[in-house]
Each structure stands twice: as C-alpha cells, then as structure tokens.
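Numbering (the UniProt record's numbering), first residue to last: 1 to 406. C-beta: ideal position from N, C-alpha, C; glycine also. Report on the structure given below.
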Ligand code: ADP
C-alpha cells in the first residue's frame, strides 16, 4: 500500500509521521519526534495509531539534523518494511512572497528556497537539510514542500507591509505570517464541524513553543501576529516577540553587540526563558513558584490579550476564538488568563469546561464561542503530498477543502 512520510524540522527537534493513503483521506499510522538534537541526550519516541510504543532504542547523542533525519528514515523502513513510500511532505517555514500553496520540489525550486534561508535562519536550513536527506533515501518518491507562510499570502496590503519605502516591500521585506499549516488545519476543521462559525470572524491562537495568532474571515487569513520573520508578535519559548526596532539599534550602536549576538539573544535567550531565567517551557513555569516565572507567564498572557483585541478590531468583531498548540491545548491557566474580563468582547469562559479541557470552553450564553482544537499540521502536509501523487484521487477532496477555506 502507498504511504507518505511527513517531516517537520524545528531548531532542535524533528517531528515525523507515516501516513497510509486511503481513498477519502490519508490516515496516520505512526507519529514520532526526535528531540534535543545536538545534545548528548537526544531522544526518539514514536507510537503507532493503535498505541504501540516504538523507538526505545533511539536514545543517545544525535549530532545534527542530517543525523536525526537519517535515523528516522532508517527506523521507519525498519518498523514498516512493507510500506511503499511514494511521497515525502516537508514543512518548510518560508515560501517567500510567491508561494501561496504547496509545490513539488525540484533542484531549481530547492535552490530558490535556499535563498530564503536568511528570512528564517533557525528553521529553513534544517527544513532543507531534511529535503536533501529524504531525496537521497527515497529518490523515487515525490518530494513536496508545504509552506508556513502560504496560508497568509493573500493578506490585504495594509497587513502585508511595513511603513518603509516601497522598494523594501519589493525586495521581499513584508509581513509574511507563519504557522499557516496549523491555521489551515483549524480552518478546515471548523468548516467541517462548525460551518456557521467558519463563515464568520475567528481568531486562532496557536500557542506552543512558537506562538502566533491569526484572524480569519470565512476561513481565510486576514491578519497575523507574526511578521517578516517568526520573531514578531507574541513572546515565545525563547523568542522575544514584538520589539521596538530601536532596541536593536541601541544594542548595536551603544552596547557594541554583533549581529550574531543579537540573533542569539532574540531567538534563543528571550521570551519565557529570558523573562523567567528558568525555562522556555510553560509547564515548568506553571509548576515553578518564583516571581520571575509568574511574571513571564503574565507577560505572555498580557501580549496574547493585546493581540486578541487588536485582531478583533481588524476582523470588525468576533464570533469565535480557537486555542491550539501545546500551550493552547493544555494550559487551562493560560486560556483562563487570556479570556478573563473579556466580556466587553463577548467572551464568557466556562471555568469548569476550561479546567476539563472540553472542546467548547465558553458558557452557552457567551456571544463568542471559545474552543480548544488540537492542531494537526502533519495531516495538512500528508494531504498536500498525496495530491501530487494521486491527483485523481485527492483533487476532489482538496477542492472541497479549498472551497471550505474560502
Ligand atoms: P512547538 O512549537 O515546538 O510545536 P508545542 O506546540 O509542542 O511546541 O508546545 C510546547 C509548549 O506547550 C511548551 O511550552 C509546553 O510546556 C507547553 N505545554 C504542553 N503541555 C502543557 C500543559 N499540560 N500545561 C502547560 N503547558 C503545556
């Protein structure tokens, strides 16, 4: 039977899945992740859809993403020797101004994507290393790139630009927006399960180690908290989020910091980690009883509330809020703090439903429905990859999804 591998490389992690191509939709049969790549204590964990745990032998040093990728591809062929891999779908963080949908990767398109690496230095190089490793391992398979930026490519111009001279816009200095695969999944899920809300004004809060918010009208992105790079907007695990550009000038001109040092500061030492001095991990901070940990969580919630209000204004009102991502799906505390005293916007949280992580966590009388929907970026990638291999089988399905997302 035909299978698709999906690969999703972060700065120190690699998520992977194996999907069987069924007629109506790809079905995941195994999902897993390599974590702490580059450390002596890297881990590989995977489980099958029926709950079998795989990958106990995967603990040990994994030097870099190429090593991680090769280990994953070895393990997948070892665990599923009969799987015929017909396509590999890659999450590619940056597609630049032109790509508004997935593409089949060719040597030329791969080179063009390499040119975008400076836009996403913590992700793009690793994504493309994954592509090269997969081409070497499965030369017959179709390689498909799914871009995190693509979902936002039709933003209105005011949400796509900075107030710089227009030649900078023309050279690609724009507000791209990220986490598009997650937003696409949520938009499609809403279309299937809550079509009335899908047709309205929705804010999706993708709160994970990377965090952003997106305003949707009729399933299409009209505004996002992220900008030119995945640094902007909400504070994240180790990224600063929105920052006055004057801070960067000050650090360079007055403090003599180099570009590399500032990159390290803004991408790797800021956000929850920088504020708490303890951890980038929300769960750890919630359990830690220190003033700095509490302040880090307060700042995270404050910025999320501020972005919620701003996006509601962009949308001209609000019908639903969706929480997703590791924090959005699991932290009742963050959801509560983000939504508290938001009655003026029509949000009334149901405390018990929120504590129980119910799917709908607003009260029945709340004008705005608040939901928790686990995201599934891998399924979005698998669907796109399947479409390139079996267009006749998946075209209709994806056309329906496209119609639903606007
Ligand atoms: P990534 O952006 O790397 O995909 P995830 O979406 O997996 O990240 O989210 C990771 C974040 O989710 C971490 O900060 C983690 O602490 C947080 N998280 C996961 N489970 C919980 C929980 N039960 N309570 C609070 N935070 C949680």
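Next item on the list: Say yes only if the C-beta of residue 281 is nearer than 7 Å to one or more non-hydrogen atoms of the ligand ADP, and no if none qualify.
Entry: yes
Next item on the list: Give the single residue among 45, 318, 322, 360 whose Cα lies nearest to the Cα of residue 344.
Entry: 318
Next item on the list: Note down, in chain order, each residue of its chain lying with its Cβ closer than 6 Å to the Cβ of residue 8, except the 5 sequence neighbours on either side.
Entry: 15, 91
Margin query: Please identify the residue among 256, 30, 207, 367 whose C-alpha is closest to the C-alpha of residue 3.
Written below: Measuring from the Cα of residue 3, the nearest candidate turns out to be 30.
Margin query: Quick check: does the Cβ of residue 38 come within less than 7 Å of any heavy atom belonging to the ligand ADP?
Written below: no
Notebook entry, point to check: What are the start and end residues of the alpha helix (DSSP H) that includes residue 301?
Noted result: 291-315
Next item on the list: Could you have a look at residue 268 and say whether DSSP puts it in helix, strand or coil?
Entry: helix
Note to self: According to DSSP, is residue 252 part of a helix, a strand, or is it coil?
What the structure shows: Helix.
Next item on the list: Kindly examine the ligand ADP and report whether one of its heavy atoms sits closer than 7 Å to the Cβ of residue 341.
Entry: no
Item checked: residue 327 Cβ short of 7 Å to the ligand ADP heavy atom set -> yes
Next item on the list: Decide if the segment 136-147 is in contact with the segment 91-109; the criterion is three or more beta carbon pairs, one per stretch, under 8 Å apart.
Entry: yes
Notebook entry, point to check: Anyone know if the C-beta pair for residue 95 and residue 150 falls short of 8 Å?
Noted result: yes
Check: Using a threshold of 7 Å, is the CB atom of residue 10 nearer than that to any non-hydrogen atom of the ligand ADP?
Finding: yes
Notebook entry, point to check: Can you list the beta strand (DSSP E) stretches of 3 or more residues lying completely in the segment 205-253, in chain order?
Noted result: 211-217, 220-224
Notebook entry, point to check: Would you report the Cα separation of residue 166 and residue 98, rounded to the nearest angstrom?
Noted result: 17 Å
Margin query: Judging by CA-CA distance, which residue of 34, 1, 227 is the nearest neighbour of residue 82?
Written below: 1
Check: What are the boundary residues of the beta strand (DSSP E) that residue 107 is part of?
Finding: Run containing residue 107: none in the beta strand (DSSP E); it sits in the alpha helix (DSSP H), 107-114.
Margin query: Can you tell me whether residue 26 is helix, strand or coil according to DSSP?
Written below: strand
Next item on the list: Would you kindly check if the distance between the Cβ of residue 239 and the Cβ of residue 270 is under 8 Å?
Entry: Between residue 270 and residue 239, the C-beta spacing is below 8 Å.
Notebook entry, point to check: Got a sec? Which residues, its chain only, sit under 8 Å from residue 333 by beta carbon, not counting five neighbours each side?
Noted result: So the qualifying residues of the chain are 286, 297.
Margin query: Quick test of your reading: residue 63 and residue 54, contact by CB under 8 Å. State the CB separation rounded to the nearest angstrom.
Written below: Contact flag wrong, Cβ pair sits at about 22 Å.
Checklist line | Outcome for residue 108 when other beta-carbon atoms lying within 10 angstroms are tallied against a minimum of 16 | finding: exposed
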